[in-house]
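Chemist:
In the numbering used here, the protein residues as written are 1 to 342.
#1: What is the rounded straight-line gap between the Cα of residue 152 and the Cα of residue 55?
#2: Determine, using beta carbons only, whether residue 271 and residue 250 come nearer to each other than 8 Å.
#3: I believe residue 204 touches residue 213 by the beta-carbon criterion, under 8 Å. Please report the beta-carbon distance rounded to the nearest angstrom.
#4: Note down, in chain order, each residue of its chain lying with its Cβ closer than 7 Å to the Cβ of residue 313, except the 5 sequence neighbours on either side.
#5: Helix, strand or coil for residue 10? Go by DSSP, reduced to three states.
#6: Under the three-state reduction of DSSP, which class applies to residue 288: helix, strand or coil?
#7: Could you check what DSSP says for residue 328 in three-state terms: helix, strand or coil?
#8: On the three-state DSSP scale, how would you describe residue 140?
#9: Please report the residue range of the beta strand (DSSP E) in which residue 307 lies.
#10: Where does the unbroken beta strand (DSSP E) through residue 176 begin, and where does it stop?
#11: Would you mind working out which of 283, 248 and 247 sits nearest residue 264, comparing C-alpha positions?
#12: Among 36, 215, 252 and 333, which one has its Cα closest to the Cα of residue 292?
#13: If we count Cβ pairs, one from each stretch, closer than 8 Å, do we get three or more for the stretch 127 to 139 versus the stretch 155 to 171?
#14: Taking the alpha-carbon positions, what's the residue 108 to residue 129 distance?
#15: Can you give the beta carbon distance from residue 217 to residue 200, rounded, assuming they're within the 8 Å contact cut?
#16: Ordered along the chain, which non-local residues of its own chain (more than five positions away) have a Cβ less than 6 Å from that of residue 121?
#17: Report yes if the CB atom of residue 286 is closer than 8 Å to the CB atom of residue 307, and no otherwise.
#18: Is the CB-CB distance between residue 274 and residue 243 below 8 Å?
#19: If you draw a straight line from the C-alpha of residue 83 to the C-alpha of residue 297, how long is it?
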């Protein structure tokens, strides 16, 4: 989907004298982007009781509205999800909606849970909150976006027992919204933008000696587009793919973490082998699980990102999303452990 970016025509002066050739059209001016990433708060309140999942949707001006899978379900699936990586776990995804006097809400949520203890669950997703006068969910640009990951293992009142030494590697996935605005090198596309959903593999390494975590999105496999995978009533899923695909971008993260297992930082770099990234800015924040794996490390790391970047021809883009990564001991627990990673 393409939509005009804010552009202005550059006025050119005509030299004195006559010429039979028609004047060239003025070039489209691509405004220099302001890279202003906003920390994506991923904490919200959820409950999972008697197979009913509830999620508190945060409003930009404050306050919440609670949607649940019993009253607000628009659709529910399990067939499109990958097999749960933690043994003895199940998963499902839902699309929820609410048409209220003060505006519409569209919410995608997926959850995984321990078959023997459904209270051991993790829920994640994102929402769109529309102002009251928005006629349909397709008016995507009018909505405020939010992301979330929540579950008992992320409870701030029960912080993880972090190791004092050693390192741990986490492998998982990230997903969200990818937006790209075209600069001068894209000819007829200059000044236009496209957006779609994305997903990609993420690797993270925690160094518990130095209390530092580093990671990369796009370093294992190319970042993919998944148009309309989650919020298909609002995010386009039909028609051509974006011309500027995110496949060859690498996004690297670094952050210190404290005794609570939480981290937040702005040290982010973006690279591409064929495009000149001149500037990048971003925020990322996350939390270690309070459930250990068989090696005594937190079994997972979750969080959210908002990454902006600019390129030499005036192009600029953005990745906004959430991530979840597990240790190998969580995915393939010690056979001698009765309950695996749980």
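From the three backbone atoms N, C-alpha and C, an ideal C-beta is built for every residue, glycine too.
If you're wondering where the values come from, they're calculated on a predicted model, not measured in any experiment.
Modeler: So, from the data block:
#1: Position 152 of the chain shown, counted from the first residue, corresponds to residue 152. Position 55 of the chain shown, counted from the first residue, corresponds to residue 55. Their Cα atoms are separated by approximately 14 Å.
#2: Along the chain shown, read from residue 1 onward, the residue named residue 271 stands at position 271. Along the chain shown, read from residue 1 onward, the residue named residue 250 stands at position 250. Yes. Within cutoff.
#3: Walking along the chain shown from the start, residue 204 turns up at place 204. Walking along the chain shown from the start, residue 213 turns up at place 213. Correct: roughly 6 Å between the Cβ atoms.
#4: For this step, residue 313 is matched to residue 313 along the chain shown. The beta carbon of residue 313 lies closer than 7 Å to those of 183, 184 and 185 in the same chain, with the five residues before and after it left out.
#5: Residue 10 sits at position 10 when you count from the first residue of the chain shown. Bear in mind that the predicted position of residue 10 carries a pLDDT of just 23, short of 50, making it unreliable; the figure below should be weighed with that in mind. Looking at residue 10 - three-state DSSP - the assignment turns out to be coil, as it is neither helix nor strand.
#6: The residue you call residue 288 lines up with position 288 of the chain shown. In this structure, residue 288 counts as strand in the three-state DSSP scheme.
#7: Walking along the chain shown from the start, residue 328 turns up at place 328. Three-state result, residue 328: helix.
#8: Counted from its first residue, the chain shown places residue 140 at position 140. Three-state DSSP puts residue 140 in a helix.
#9: Start at 1 with the first residue of the chain shown, and residue 307 comes out as number 307. Residues 300 to 311.
#10: Taking the chain shown and counting its residues from 1, the one referred to as residue 176 is at position 176. From DSSP, the beta strand (DSSP E) with residue 176 extends over 167 to 181.
#11: One-based indexing of the chain shown puts residue 264 at position 264. Comparing Cα-Cα distances from residue 264 to each of 283, 248 and 247, the minimum goes to 283.
#12: As a first step, residue 292 must be located in the chain shown, where it is residue number 292. Residue 292 has its Cα closest to that of 333, out of 36, 215, 252 and 333.
#13: The stretch 127 to 139 is not in contact with the stretch 155 to 171.
#14: Against the chain shown, residue 108 aligns to sequence position 108. Against the chain shown, residue 129 aligns to sequence position 129. Rounded to the nearest angstrom, the two C-alpha atoms are 12 Å apart.
#15: Here residue 217 corresponds to residue number 217 of the chain shown, with the count starting at 1. Here residue 200 corresponds to residue number 200 of the chain shown, with the count starting at 1. Yes, they are in contact, since the Cβ atoms of residue 217 and residue 200 sit about 5 Å apart, within 8 Å.
#16: Locating residue 121 in the chain shown gives position 121, where the first residue counts as 1. If we look at residue 121 and ignore the five residues flanking it on each side, its Cβ neighbours are 48, 111, 113 and 151.
#17: Along the chain shown, one-based indexing puts residue 286 at 286. Along the chain shown, one-based indexing puts residue 307 at 307. 8 Å or more divides the Cβ of residue 286 from the Cβ of residue 307.
#18: What you label residue 274 is simply residue 274 of the chain shown in a count that begins at 1. What you label residue 243 is simply residue 243 of the chain shown in a count that begins at 1. No; because the gap between Cβ atoms is not below 8 Å, this pair is not in contact.
#19: Looking up residue 83 in the chain shown gives position 83. Looking up residue 297 in the chain shown gives position 297. Roughly 23 Å between the two C-alpha positions.
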